[in-house]
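Trainee:
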Amino acid sequence: VRSFFATQNLEKTKLILWSQYPIEDHPELKPFKDHIDFRVWDALEEAKGTPLEGETGKLLTKDAEHYADSDLLRLLALHKYGGVWVDMDIVILRDFKPILDQEYMYQWGTETDYGKNGACATVISLKKGSEFSVKLLEELKLSKNAHGTWWGKELFASLWSKWPNYKIFPGSFFNTEWMMDKYAELYNEDFGLADKVKSSWFSNPLESHEHLFLDAFTWHWHNTSHKKDPIVSGSKFDIL
Numbered sequence: 065v066r067s068f069f070a071t072q073n074l075e076k077t078k079l080i081l082w083s084q085y086p087i088e089d090h091p092e093l094k095p096f097k098d099h100i101d102f103r104v105w106d107a108l109e110e111a112k113g114t115p116l117e118g119e120t121g122k123l124l125t126k127d128a129e130h131y132a133d134s135d136l137l138r139l140l141a142l143h144k145y146g147g148v149w150v151d152m153d154i155v156i157l158r159d160f161k162p163i164l165d166q167e168y169m170y171q172w173g174t175e176t177d178y179g180k181n182g183a184c185a186t187v188i189s190l191k192k193g194s195e196f197s198v199k200l201l202e203e204l205k206l207s208k209n210a211h212g213t214w215w216g217k218e219l220f221a222s223l224w225s226k227w228p229n230y231k232i233f234p235g236s237f238f239n240t241e242w243m244m245d246k247y248a249e250l251y252n253e254d255f256g257l258a259d260k261v262k263s264s265w266f267s268n269p270l271e272s273h274e275h276l277f278l279d280a281f282t283w284h285w286h287n288t289s290h291k292k293d294p295i296v297s298g299s300k301f302d303i304l
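142 is the number that the working numbering gives to position 78 of the sequence shown; each next residue is one higher, with no gaps.
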């Protein structure tokens with residue numbers, strides 16, 4: 065939330081914050097309360113007038129990791145309203161102006177076989193009611209499986225194999241460090257740098273400000289894996 069207000073043109077953009085229950089009085093959000101459009105998610109209501117209307121079983125799907133229901137939320141909300149979806153465990157690093165007029169998701173790691181490996185939608189942009197957004201919902205409607213990433217990367221792979229007409233940006237645009245281990249493997253480089261950079265996310269001071277990767281649009285810090293990590297002074301999380 066803070067990174068949105070620190071980086072975006074507030075005269076041209078608006079932050080919509082979706083939640084499962086009212087959160088506008090949360091102490092961390094109170095300073096921004098008058099500048100956020102708080103909305104409580106109701107899948108059955110939002111699906112009206114869309115390809116998913118009447119798909120009650122899918123609309124009420126829940127899984128322990130919240131993969132399926134969060135994938136449903138981002139695809140349906142963007143179809144209804146358009147815009148850019150950004151997961152909560154992402155820090156925005158720069159103005160999205162250069163890519164606000166485009167529809168996209170980004171690479172799953174370093175994968176380039178999109179028909180097999182799909183893509184990542186922790187940052188995804190769709191236009192309201194676009195052909196792309198309709199095809200995503202129609203693909204979800206056809207899906208018989210809602211476990212894990214089936215409504216994410218697997219769904220995107222399935223759509224790409226039928227309709228390879230959507231934009232997939234390089235992973236480095238939004239999740240730079242995800243690519244470092246693969247790069248080291250491909251080019252026989254020292255894995256130590258990748259380990260060193262990742263170790264300075266929370267628990268160690270950053271050795272170089274170049275490792276903030278401020279030319280990227282975002283940093284995905286993976287809350288599920290790191291929410292209990294101690295944050296030391298000078299670490300990437302502390303600096304940002």
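Where is the CB? At the ideal position from N, CA and C, for every residue including glycine.
Taking TYR178 as part of the beta strand (DSSP E), name the residues at either end of that continuous run.
Mentor: Not the beta strand (DSSP E): TYR178 falls in the alpha helix (DSSP H), residues 178-181.
Trainee: Going along the chain, which residues of its own chain have a beta-carbon closer than 8 Å to the beta-carbon of GLU271, five neighbours each way excluded?
Mentor: If we look at GLU271 and ignore the five residues flanking it on each side, its Cβ neighbours are LYS260, SER264.
Trainee: Terminal residues of the continuous alpha helix (DSSP H) containing SER225?
Mentor: Looking at the DSSP string, the run of the alpha helix (DSSP H) that includes SER225 is 217-226.
Trainee: Under 8 Å by Cβ, that's how I've got SER267 and ASP293 pegged, so tell me the actual separation to the nearest angstrom.
Mentor: Correct: roughly 6 Å between the Cβ atoms.
Trainee: Assess, as a yes-or-no matter, whether the segment 139-155 is touched by the segment 175-189 under the definition of 3 or more beta carbon pairs within less than 8 Å.
Mentor: With the cut-off at 8 Å, the segment 175-189 and the segment 139-155 touch.
Trainee: Kindly identify the DSSP beta-bridge partner or partners of THR282.
Mentor: DSSP output for THR282 lists ILE156 as bridge partner(s).
Trainee: Give a yes or no on contact between the segment 159-166 and the segment 213-227, applying the rule of three or more CB pairs nearer than 8 Å.
Mentor: Touching, no.
Trainee: Using DSSP with H/G/I as helix, E/B as strand and the rest coil, what is LYS78?
Mentor: Looking at LYS78 - three-state DSSP - the assignment turns out to be coil, as it is neither helix nor strand.
Trainee: Once the 5 residues before and after LEU223 are set aside, which same chain residues still bring their CB inside 7 Å of it?
Mentor: Correct list, in chain order: LYS199, LEU200, GLU203.
Trainee: When DSSP labels each residue in this structure, what does GLY113 get in the three-state scheme?
Mentor: Here GLY113 sits in coil by DSSP.
Trainee: Using the Cβ count rule (16 or more neighbours within 10 Å means buried), how would you classify THR114?
Mentor: It counts as buried.
Trainee: Thinking just about the alpha-carbon of each residue, which of VAL150, THR125, PRO162 is nearest to the one in TYR208?
Mentor: What sits at residue 208 in the sequence shown is Lys, not Tyr. With distances taken between Cα atoms, LYS208 lies closest to THR125.
Trainee: Helix, strand or coil for LYS231? Go by DSSP, reduced to three states.
Mentor: In the structure shown, LYS231 sits in a strand (DSSP, three-state: E or B).
Trainee: For the ligand MG, is there any heavy atom lying closer than 6 Å to the beta carbon of SER267?
Mentor: Of ligands this structure carries none, so the ligand MG is not represented either.
Trainee: Could you tell me which residues DSSP pairs with GLN171 in its beta bridges?
Mentor: GLN171 is bridged to ALA183.
Trainee: Cutting at 6 Å between CB atoms, please list the residues of its own chain near HIS275, excluding the five before and the five after it.
Mentor: Closer than 6 Å at Cβ, skipping near neighbours: VAL261.
Trainee: According to DSSP, is LEU124 part of a helix, a strand, or is it coil?
Mentor: The answer is coil: DSSP assigns LEU124 none of H, G, I, E or B.
Trainee: Just mark GLN84 as buried or exposed, buried being the case when its beta carbon has 16 or more other beta carbons within 10 Å.
Mentor: Per the 10 Å Cβ criterion, exposed.
Trainee: Could you check which residue in PHE277, ALA221, LEU74 has the C-alpha nearest to that of ASN229?
Mentor: Comparing Cα-Cα distances from ASN229 to each of PHE277, ALA221, LEU74, the minimum goes to ALA221.
Trainee: Out of SER289, ASP279, HIS286, state which residue places its alpha-carbon closest to the alpha-carbon of ASP159.
Mentor: If we check each option's Cα against that of ASP159, ASP279 comes out closest.
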